[in-house]
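Quick note: the sequence shown uses the numbering used here, first residue 4, plus one each step. Note that the Cβ used here is the ideal one computed from N, Cα and C, for glycine as well. Worksheet for the structure shown next.
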Amino acid sequence: MKKLAIIGGGAAGVFAALVAKSLDPSLHVTVYERTRHLLSKVKISGGGRCNVTHSCFDPKKLVQNYPRGEKELLGPFHKFQPTDMIQWLEERGVDLKTEEDGRMFPTTDNSQTIIDCFLNEADRLGVTFSLGKKIDSIGGDDQGFILGDERADIILLATGGHPDGHKLAAALGHTIIPPVPSLFTFNVPSSPLLDLSGISLENVEGSIEGFPLKLRGPLLLTHWGFSGPMILKLSAFAARFLHDCQYQAKIVINWLTLDLITQKNNHPKKFLSSVIPLPKNLLKRLLEIWEFDDQPLSSFKNDRLKKLSHHLSHDTYLMEGKTTYKQEFVTSGGISLKEVDLRRMESRLVPNLFFAGEVLNIDGVTGGFNFQNAWTSAYLAAQALTNSL
Ligand SMILES: Cc1cc2nc3c(=O)[nH]c(=O)nc-3n(C[C@H](O)[C@H](O)[C@H](O)COP(=O)(O)OP(=O)(O)OC[C@H]3O[C@@H](n4cnc5c(N)ncnc54)[C@H](O)[C@@H]3O)c2cc1C
Numbered sequence: 004m005k006k007l008a009i010i011g012g013g014a015a016g017v018f019a020a021l022v023a024k025s026l027d028p029s030l031h032v033t034v035y036e037r038t039r040h041l042l043s044k045v046k047i048s049g050g051g052r053c054n055v056t057h058s059c060f061d062p063k064k065l066v067q068n069y070p071r072g073e074k075e076l077l078g079p080f081h082k083f084q085p086t087d088m089i090q091w092l093e094e095r096g097v098d099l100k101t102e103e104d105g106r107m108f109p110t111t112d113n114s115q116t117i118i119d120c121f122l123n124e125a126d127r128l129g130v131t132f133s134l135g136k137k138i139d140s141i142g143g144d145d146q147g148f149i150l151g152d153e154r155a156d157i158i159l160l161a162t163g164g165h166p167d168g169h170k171l172a173a174a175l176g177h178t179i180i181p182p183v184p185s186l187f188t189f190n191v192p193s194s195p196l197l198d199l200s201g202i203s204l205e206n207v208e209g210s211i212e213g214f215p216l217k218l219r220g221p222l223l224l225t226h227w228g229f230s231g232p233m234i235l236k237l238s239a240f241a242a243r244f245l246h247d248c249q250y251q252a253k254i255v256i257n258w259l260t261l262d263l264i265t266q267k268n269n270h271p272k273k274f275l276s277s278v279i280p281l282p283k284n285l286l287k288r289l290l291e292i293w294e295f296d297d298q299p300l301s302s303f304k305n306d307r308l309k310k311l312s313h314h315l316s317h318d319t320y321l322m323e324g325k326t327t328y329k330q331e332f333v334t335s336g337g338i339s340l341k342e343v344d345l346r347r348m349e350s351r352l353v354p355n356l357f358f359a360g361e362v363l364n365i366d367g368v369t370g371g372f373n374f375q376n377a378w379t380s381a382y383l384a385a386q387a388l389t390n391s392l
């Protein structure tokens with residue numbers, strides 16, 4: 004009987020075990036987990052609701068949500084994408100629902116539903132779990148791999164962002180892209196907007212001076228600075244840039260683009276507050292900061308209005324630190340993708356060594372994309388390794 008050793012009992016490791024065992028019931032599958040708990044991140048994910056995936060079914064659009072892995076995930080998503088995961092869960096009695104922003108959760112709003120589904124399936128298929136078992140070396144001889152006092156023919160490394168997995172892969176010759184945090188909110192202690200915390204805007208553009216990307220989306224004012232989907236996305240794409248500048252950077256907010264001179268020509272009697280569509284309190288504060296009274300447009304000279312238009316589209320704040328986003332945070336970095344055959348999720352350096360999940364240098368923005376990477380890579384690895392036996 005061939006033996007598959009899966010290192011890591013998280014989303015990728017457990018899902019890979021289920022797929023491998025169902026594709027080849029004769030395979031002996033053991034999941035080694037260093038803690039006493041399986042799927043612990045699934046449990047706390049999405050605020051306890053588990054944002055399983057995202058309702059984005061076009062692989063070309065889907066990959067745009069991965070700051071690391073965009074190019075490399077296109078092929079894998081053609082083979083296993085959100086529809087496949089939705090169907091896999093449906094076939095096992097778990098229905099998902101889609102929220103307005105595209106995030107998908109179990110209809111129970113409870114991550115335990117996913118855990119119960121996986122563990123029942125593992126029980127039915129006969130997957131073995133070895134809990135409290137930390138793997139700290141992978142050896143080998145001509146008969147296969149050696150993990151402490153146990154042997155395996157095939158290994159799947161699914162240790163997530165944990166340094167253990169990076170050490171194990173590095174010891175086998177793999178290059179590790181140094182991990183840095185992704186998905187965080189921006190601290191702006193000098194912001195004059197801190198007491199306006201709670202105001203959210205649907206469609207604001209944000210960028211970081213020196214980083215070539217502008218992103219549009221919802222922005223949330225917080226008592227420590229800026230948050231909301233647009234900021235989290237910006238933090239993910241600029242994760243390494245911001246790390247390198249120690250989270251000290253100029254953030255440029257484009258509240259809106261408005262030609263106030265044209266507005267003046269068309270509606271000279273209108274007040275600033277009636278032509279600038281921003282939340283009342285926010286606009287009042289911004290006008291105070293920029294020293295504009297809320298007067299009819301006709302009372303302003305054109306160069307003043309030009310200046311105000313510029314302020315509205317180029318409002319600069321000093322980021323001084325970051326705050327972890329507790330609903331979902333991931334590490335950017337991991338095993339270099341150049342050394343992995345992403346069609347099979349197999350090492351190009353060590354035959355029969357496979358990878359899945361966050362251990363790879365792949366990470367997504369918030370919204371269910373990180374789990375989707377875990378499901379897809381786990382599925383492809385399980386399929387490839389059972390085919391190769
Ligand atoms: C608070 C929080 C909420 C999140 N919410 C969401 C969400 O709603 N949607 C989403 O898409 N993503 C979410 N994420 C991200 C998502 O959880 C991860 O991307 C995903 O869990 C990665 O799966 P993985 O199996 O690769 O790694 P993990 O889930 O981290 O699992 C790795 C496992 O390997 C084990 N391990 C490590 N080293 C060893 C060793 N030497 N021997 C044995 N075992 C070892 C670890 O203990 C761990 O159990 C969230 C993350 C956090 C932190």
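Boundaries (first-last residue) of the beta strand (DSSP E) holding residue i
i           : result
residue 154 : 153–155
residue 148 : 147–150
residue 294 : It is not in any beta strand (DSSP E) - residue 294 carries neither H nor E in the DSSP assignment.
residue 134 : 131–134
Span of the alpha helix (DSSP H), counted from its first residue to its last, around residue i
i           : result
residue 386 : 372–390
residue 436 : Because the chain spans 4 through 392 in this model, residue 436 falls outside it and cannot be assessed.
residue 117 : 115–128
residue 229 : From DSSP, residue 229 is part of no alpha helix (DSSP H) but of the beta strand (DSSP E) over 228–230.
residue 335 : Run containing residue 335: none in the alpha helix (DSSP H); it sits in the beta strand (DSSP E), 333–338.
residue 278 : 275–278
Collapsed DSSP secondary structure at residue i in the structure displayed
i           : result
residue 96  : coil
residue 317 : coil
residue 81  : helix
residue 168 : helix
residue 358 : strand
residue 212 : coil
residue 47  : helix
residue 224 : strand
residue 16  : helix
residue 352 : coil
residue 261 : coil
residue 234 : helix
residue 102 : coil
residue 344 : strand
residue 62  : helix
residue 239 : helix
residue 178 : coil
residue 29  : coil
residue 89  : helix
residue 55  : coil
residue 269 : helix
residue 159 : strand
Neighbour-count burial assignment, residue i, 16 or more Cβ in a 10 Å radius
i           : result
residue 213 : exposed
residue 291 : exposed
residue 84  : buried
residue 110 : exposed
residue 271 : exposed
residue 169 : buried
residue 48  : buried
residue 188 : buried
residue 194 : buried
residue 70  : buried
residue 340 : buried
residue 289 : buried
residue 90  : exposed
residue 177 : buried
residue 236 : buried
residue 57  : buried
residue 375 : buried
residue 252 : buried
Beta-carbon contacts of residue i that lie in its chain and below 6 Å, excluding the five residues immediately before and after
i           : result
residue 250 : 324 and 325
residue 242 : 183, 185 and 335
residue 275 : 297
residue 244 : 214
residue 373 : 333 and 367
residue 34  : 9, 12, 16, 20 and 132
residue 37  : 137
residue 26  : 389
residue 239 : 70, 185, 186 and 368
Own chain, CB closer than 8 Å to residue i, minus 5 neighbours either side, in chain order
i           : result
residue 273 : 266, 299 and 300
residue 419 : Residue coverage of the chain in this structure runs from 4 to 392, which leaves residue 419 outside it and unanswerable.
Beta-carbon proximity list for residue i, same chain, < 7 Å, skipping 5 on both sides
i           : result
residue 80  : 62, 65, 66 and 379
residue 262 : 312
residue 371 : 54, 55, 56, 57, 106 and 107
residue 82  : 383
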